[in-house]
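My numbering puts the first residue of the sequence shown at 1406, with every later residue one more than the last.
Where is the CB? At the ideal position from N, CA and C, for every residue including glycine.
This one's a predicted model, so the numbers in the text were calculated from it and none came from an experiment.
Take a look at the structure set out below.
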Amino acid sequence: MADFSRIELLADSSILEQHEFPLFEYTGLYLQLRSQAQTMDYCCIVVDQQEAQDADDEKLLNLVAASGYVDDDSDITFRISKAEQYFYTYFNFKAHDAHLSDSTD
């Protein structure tokens, strides 16, 4: 079972939505995030590397791309935290107006 208790968000990011979901044979943690300083919203899928020991970076990127969460025209970037043992993927980057309220459309 995946353990997401040690995840670390990028600086100044706050969580708008989160849930765990089956990422094929693994467990993914979906996060919709907002960076006030960068005035952008973005998404992240985290995979616990202890659960996915048999998967290389390319396999995990392909699974995230096929998950249904990534927009067709989105760039995808990733980072690996060896200390926390998580594979983070970032995608669906969208600018937001920092002067607007946080209400949803």
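On the three-state DSSP scale, how would you describe Ser1508?
Any answer about Ser1508 is weak, because its pLDDT of 49 lies below 50 and its placement is not dependable; what the coordinates show is given next. Three-state result, Ser1508: coil.
So Thr1499 and Asp1446 are supposed to be a Cβ contact under 8 Å. How far apart are they, rounded?
According to the sequence shown, residue 1499 is Lys rather than Thr. Right, the Cβ-Cβ distance comes to about 5 Å (below 8 Å), so this counts as a contact.
Could you tell me the distance, in whole angstroms, from the CA atom of Gly1473 to the CA atom of Leu1415?
Rounded to the nearest angstrom, the two C-alpha atoms are 23 Å apart.
Less than 8 Å between the beta carbons of Val1451 and Ile1412, yes or no?
Closer than 8 Å, so yes.
How would you write the range of the alpha helix (DSSP H) that Leu1428 sits in, first residue to last?
Note, Leu1428: premise wrong, no alpha helix (DSSP H); beta strand (DSSP E) at Ser1418 to Leu1428.
Looking only at its chain, what residues have a beta carbon closer than 8 Å to the beta carbon of His1501, apart from the 5 residues adjacent to it on each side?
These residues qualify, in order along the chain: Arg1439, Thr1444, Met1445 and Asp1446.
To the nearest angstrom, report how far apart Glu1425 and Phe1496 are at their CA atoms.
C-alpha separation (whole angstroms): 17 Å.
Quick one, which of Asp1453, Glu1422, Ser1410 and Ala1442 has its alpha-carbon nearest Gly1433's?
Residue Asp1453 is the option with its Cα nearest to Gly1433.
Determine the contact status of Gln1553 and Gln1441, defining contact as a CB-CB distance below 8 Å.
Look at the range of the chain in this structure, 1406 to 1510, and you will see that residue 1553 is not part of it.
My output table needs one value for Lys1499: the three-state DSSP class, helix, strand or coil.
DSSP places Lys1499 in strand when its eight states are reduced to three.
With the cut-off set at 8 Å, would you say Leu1436 and Leu1468 are in Cβ contact?
No.
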